[in-house]
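The structure appears right after this line, and notes come after that.
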Amino acid sequence: MNIVLLGPPGAGKGTQARILVERDGMVQLSTGDMLRSAVAAETEIGKQVKAVMESGGLVTDEIVVGIISDRIEQPDFKGNVIFDGFPRTLAQADAFGELLAKKGMALDAVIEMRCDDEKLVERVTGRFTCHTCGEGYHTSFKKPKVEGVCDKCGGTEFTHRHDDNADAMRSRLLAYYKETSPLVGYYHAKDTLALVDGTAEIDEVTAQIAEALN
Ligand code: ADP
Ligand code: ADP
Ligand code: ZN
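All letters in the sequence shown, in the order written, are residues 12 to 225 by the working numbering.
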């Protein structure tokens, strides 16, 4: 099964993707994570995308489709993937459909995670991540059980994303409504769309996704 988690920044895509990985052994592909790794490693692509990511704009379709096609076109690509944060434009969605078709694969479901802007800003500005294992946390909604210690790996170093500030968040939301939200209609027309309430508690969202995938 291949699924897309579609939703604005802070909707809970990464959180739910990690739960699906743990529970169902799916593979998470997050273009945001892949791009951040490229920036950290100072690769050619990393240098090209650093500024636009910091400002909250979208990286070009060419670059993003390039990194995704590198994965899908690998001979050992078996699918069973949760695409987190991809596609984000209609052009990406078209290219994605073609890449999967070439592999004889399909997109089984697109989960739209809907959430209001006020909550999204609150979530994103309080978000932090374990530096060691990547587990996501929130200063109010998902604190580590022991303060300063990662529940998953015991790590004690945490990072806060540069673009998780109110300014960049305005641009990211605008990019979502302008460029990405048309994908709701696109996938509805293809009969693959399911809506979940992203404002619900984390466990409740997980249950709604499980129901949608059944
Ligand atoms: P969020 O938590 O806001 O959903 P991501 O980690 O998915 O953020 O993405 C962070 C940034 O990476 C985006 O603001 C954008 O600059 C870039 N990015 C990630 N995925 C894509 C994509 N599919 N198309 C264009 N830009 C992307
Ligand atoms: P996205 O990947 O869509 O940008 P994340 O999964 O990183 O979003 O979630 C953003 C922040 O909100 C994180 O700090 C996370 O711990 C928290 N969070 C995620 N889902 C929920 C939820 N259902 N209720 C409250 N907080 C949540
Ligand atoms: Zn950890």
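Glycine residues also receive a C-beta, built at the ideal position from the N, C-alpha and C atoms.
What you are looking at is a predicted structure, and each value in this text was computed from that prediction instead of being measured.
DSSP beta-bridge partners of residue i
i	result
Leu16	Asp95 and Ile122
Leu8	In the structure as shown, the chain begins at 12 and stops at 225. Residue 8 is therefore absent and cannot be evaluated.
Gly147	Thr140
Lys153	His149
Ser41	Asp95
Val160	Val157
Beta-carbon proximity of residue i to residue j, cut-off 9 angstroms
i	j	result
Thr191	Asp127	no
Arg99	Thr42	yes
Arg172	Gly21	no
Ile270	Leu40	Since the displayed the chain opens at 12 and closes at 225, residue 270 lies outside it and no answer follows.
Phe88	Phe97	no
Lys24	Asp105	no
Asp44	Gly145	yes
Asp175	Thr150	no
Val50	Val38	no
Met12	Gly115	no
heavy atom of ligand 3 below 8 angstroms from residue i C-beta
i	result
Lys163	yes
Gly159	no
Gly25	no
Gly166	yes
Cys141	yes
Any non-hydrogen atom of ligand 2 closer than 8 angstroms to residue i Cβ
i	result
Glu65	no
Pro19	yes
His171	no
Gly145	no
Tyr148	yes
Lys156	no
Ala179	no
Ala22	yes
Contact test: residue i Cβ vs ligand 1 heavy atom, cutoff 8 angstroms
i	result
Leu31	no
Leu111	no
Thr100	yes
Phe97	yes
Asp44	yes
Ser48	no
Arg183	yes
Leu69	yes
Val135	yes
Val75	yes
Ser41	yes
Near ligand 5: residue i beta-carbon under 8 angstroms from a heavy atom
i	result
Asp81	Only ligand 1, ligand 2 and ligand 3 can be found as ligands here, which leaves ligand 5 out of the picture.
Are the segment 44-57 and the segment 159-166 touching by the rule of at least three beta carbon pairs closer than 8 angstroms? no
Please list the segments of the alpha helix (DSSP H) lying wholly inside the segment 62-117, counting only runs of 4 or more residues, in order along the chain. 72-83 and 101-113
Those runs of the alpha helix (DSSP H) which lie wholly inside the segment 165-225 and span at least 4 residues: Qualifying alpha helix (DSSP H) stretches, in chain order: 177-186, 193-200 and 213-224.
Would you call the segment 61-69 and the segment 171-180 in contact, with 3 or more CB pairs under 8 angstroms? yes
Counting beta carbon pairs with one atom in the segment 119-137 and one in the segment 14-26, are three or more of them shorter than 8 angstroms? yes
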